[in-house]
Each structure stands twice: as C-alpha cells, then as structure tokens.
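Heads up: the structure comes next, in structure tokens.
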Amino acid sequence: MKQPVVITAELTPENAQALARFVKNIGHEGIRACSRDDAETFLVRDALDSLREALDLAGYDPE
374 MKQPVVITAE
384 LTPENAQALA
394 RFVKNIGHEG
404 IRACSRDDAE
414 TFLVRDALDS
424 LREALDLAGY
434 DPE
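Residues 374 to 436 (my numbering) are what the sequence shown spells out, left to right.
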C-alpha cells in the first residue's frame, strides 16, 4: 500500500463551508468532465470524499 499524502490548508470559515458544500454536491458527471478517464474520475471522487470527511471533522458539515 502506498503511503498517504497529508495536505494542510488554511481556509476562512466561509471558504471551508463553501468547499464542504461543493464536495458534497459535485456529481459524477461534473468530475468526469474534468478527468482523463473513468479510472481518474473514481480516484478524484475518493479524494473528494476524504476532503469532505476532513472538513466534517473540522466542523464544516455541508448544509
């Protein structure tokens, strides 16, 4: 298993809430439009799910 990458970012509360809402609402089609292929689409979805979980732990649960 590959070692995970840890990312740290400083966001305003407004940015964090908006990002939480975005990662919750972006659909497969939106991700696919920006990805090279289906495999990358699923990798991006997994990454966004991890980001959503981190935002939730920080207190930014999308409305």
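C-beta: ideal position from N, C-alpha, C; glycine also.
In or out: residue i buried (at least 16 other Cβ within 10 Å) or exposed?
i, result
"V378", "exposed"
"R409", "exposed"
"A406", "exposed"
What residues in its chain sit with their C-beta under 7 Å from that of residue i, if we drop five residues either side in the sequence?
i, result
"R425", "A393, V396 and K397"
Check whether the Cβ atoms of residue i and residue j lie closer than 7 Å to each other.
i, j, result
"I404", "T414", "yes"
"Y433", "A382", "no"
What does a CB cutoff of less than 8 Å around residue i pick up in its chain, not counting 5 residues either side in sequence?
i, result
"A391", "none"
"D429", "A393"
Item checked: Those runs of the alpha helix (DSSP H) which lie wholly inside the segment 391-434 and span at least 4 residues -> 401-406 and 411-430
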